[in-house]
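> This is the structure I have questions about; it appears just below.
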Amino acid sequence: MKIWQKFQEIKLENFLKAMDMKIEETSLEGVLIIHLDPKIDKRGYFLRFWDETILSAYNLPQRWCEESISYSKYKNTLRGLHFQYQPFAQSKFISLIKGYISDVVVNIDLDSPNYGKWQLFELSDKEPLALFIPANYAHGFVTRTEDCYLIYKMDKPYNPLFEDGIIWNDKDLGINWKVSAPILSQRDSGFKTLNEITTKLRMLNDK
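Here is the structure:
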């Protein structure tokens with residue numbers, strides 16, 4: 102009887118935790134939106150950002166080897182579109198802590214019928230969300246406000262020898278960033294188009 106009672110308690114606990122997270126599939130295979138439900142009172146709020154019990158059902162990585170925070174001081178700052186080649190391709194679990202951004206993911210899986218397809222997500226601290234982005238996607242974002250903080254989990258370590266990116270204004274992709282002259286790093290402004298890196302993608306990802 103005690104074992105059954107404990108089992109019932111565990112199920113109830115998981116059910117209550119699941120109410121804190123609602124998972125939504127997107128038009129891009131494997132990319133998930135996680136709707137977060139902060140518990141708010143006069144002191145502030147408590148927000149469950151990651152829960153292994155719930156998210157393991159969606160085959161998300163259970164080991165994250167790096168966590169980082171990205172801070173963008175200025176509005177119209179654009180970062181991306183970043184990715185790493187195999188064997189260091191990174192799955193990412195991200196959430197906006199403060200501010201408002203437009204977040205873009207691009208399918209770079211050469212074996213996918215959706216290769217080159219992209220989707221834009223609006224992330225705001227007014228409506229807490231997390232995004233899960235599998236390893237076969239490039240990722241970037243542009244800030245809509247000043248002082249934007251984004252937190253990342255990554256399942257593979259950063260490796261500068263395997264990092265690359267796609268130029269933000271790739272005409273073939275046609276991403277509508279809603280900004281004509283973003284603030285870019287020197288590195289990001291020098292990225293090539295997706296078509297220009299296809300051969301390198303195929304060569305490294307086939308190894």
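Per this note's numbering, residue 102 is the first one in the sequence shown, and the count goes up by one each step. By construction, the Cβ of each residue, glycine as well, lies at the ideal position given by its N, Cα and C atoms. Treat the numbers as computed from the prediction; the structure is a model and nothing was measured.
Could you check the C-alpha separation between Asp204 and Ile276 for me, to the nearest Å?
Along the sequence shown, read from residue 1 onward, the residue named residue 204 stands at position 103. Along the sequence shown, read from residue 1 onward, the residue named residue 276 stands at position 175. Distance between the alpha carbons of Asp204 and Ile276 is about 11 angstroms.
> My guess is that Leu137 and Leu230 are in contact by the Cβ rule of under 8 angstroms, so how many angstroms apart are they, rounded?
Residue mapping note: residue 137 aligns to position 36 of the sequence shown, counting from 1. Residue mapping note: residue 230 aligns to position 129 of the sequence shown, counting from 1. So it is a contact: roughly 6 angstroms between Cβ atoms.
> Whose C-beta lies closer than 8 angstroms to the C-beta of Tyr175 among residues of the same chain, with five residues either side of it excluded?
Reading the sequence shown from its first residue, position 74 is the one you call residue 175. Excluding sequence neighbours, Tyr175 sits near Thr244, Glu247, Ile284.
> Based on Cα-Cα distance, which residue from Phe242, Ile135, Asp273, Ser128 lies nearest to His183?
In the sequence shown, the residue the question calls residue 183 occupies position 82. For His183, the nearest C-alpha among the options comes from Phe242.
> Mind checking which residues open and close the beta strand (DSSP E) that includes Asp142?
Mapped onto the sequence shown, residue 142 falls at position 41. Looking at the DSSP string, the run of the beta strand (DSSP E) that includes Asp142 is 140 to 142.
> With 16 as the cutoff for other CB atoms within 10 Å, does Asn208 come out buried or exposed?
On the sequence shown, residue 208 is found 107 positions in, with the first residue counted as 1. The residue in question, Asn208, is buried, as its Cβ has 16 or more Cβ neighbours within 10 Å.
> Check whether the Cβ atoms of Leu179 and Arg303 lie closer than 7 angstroms to each other.
To locate residue 179, count along the sequence shown from 1; it is residue 78. To locate residue 303, count along the sequence shown from 1; it is residue 202. It is not a contact, given that the beta carbons lie outside the stated cut-off.
> What residues are listed by DSSP as bridge partners for Cys249?
By 1-based counting over the sequence shown, the position of residue 249 is 148. Ser173.
> Look at the Cβ atom of Pro258, then the Cβ atom of Gly131, and state whether they are nearer than 7 angstroms.
Counted from its first residue, the sequence shown places residue 258 at position 157. Counted from its first residue, the sequence shown places residue 131 at position 30. Contact: no.
> Roughly how many angstroms separate the alpha carbons of Glu228 and Ser281, rounded to a whole number?
Here the question's residue 228 lines up with position 127 in the sequence shown. Here the question's residue 281 lines up with position 180 in the sequence shown. So the alpha carbons of these two residues sit roughly 26 angstroms apart.
> What is the C-beta distance between Leu305 and Gln187, in whole angstroms, given that I count them as a contact (C-beta under 8 angstroms)?
Working through the sequence shown from its first residue, we reach residue 305 at position 204. Working through the sequence shown from its first residue, we reach residue 187 at position 86. The pair is a contact, with the Cβ atoms about 6 angstroms apart (cut-off 8 angstroms).
> What three-state label does DSSP hand Glu130 in the structure shown?
Translated into positions along the sequence shown, residue 130 becomes position 29. Coil at Glu130, not helix or strand.
> Over the uninterrupted beta strand (DSSP E) stretch that includes Glu223, give me the two end residues.
As a working mapping, residue 223 is identified with position 122 in the sequence shown. Looking at the DSSP string, the run of the beta strand (DSSP E) that includes Glu223 is 219 to 225.
> Mark His240 as exposed unless 16 or more other C-beta atoms lie within 10 angstroms of its C-beta, in which case mark it buried.
Start at 1 with the first residue of the sequence shown, and residue 240 comes out as number 139. Classification for His240: buried.
> DSSP three-state label for Asp204, please.
Translated into the one-based positions of the sequence shown, residue 204 becomes position 103. Here Asp204 sits in strand by DSSP.
> Drop a sphere of 10 angstroms on the beta-carbon of Pro162, count the other beta-carbons inside from all chains shown, and report buried for 16 or more, exposed for fewer.
Mapped onto the sequence shown, residue 162 falls at position 61. Classification for Pro162: buried.
> Going straight from the alpha carbon of Trp219 to that of Lys140, what length do you get?
As a working note, residue 219 is residue 118 in the sequence shown. As a working note, residue 140 is residue 39 in the sequence shown. Going by the C-alpha atoms only, they are around 33 angstroms apart.
> From what residue to what residue does the beta strand (DSSP E) around Thr244 run?
Your numbering for residue 244 matches position 143 in the sequence shown. Looking at the DSSP string, the run of the beta strand (DSSP E) that includes Thr244 is 238 to 244.
> Kindly indicate the opening and closing residues of the beta strand (DSSP E) around Ile195.
Walking along the sequence shown from the start, residue 195 turns up at place 94. Taken as a continuous stretch (DSSP letters only), the beta strand (DSSP E) holding Ile195 covers 193 to 199.
> Which whole-angstrom value is the C-beta distance of Lys293 and Ile268, which I expect to be below 8 angstroms?
Walking along the sequence shown from the start, residue 293 turns up at place 192. Walking along the sequence shown from the start, residue 268 turns up at place 167. Contact flag correct, Cβ pair sits at about 6 angstroms.
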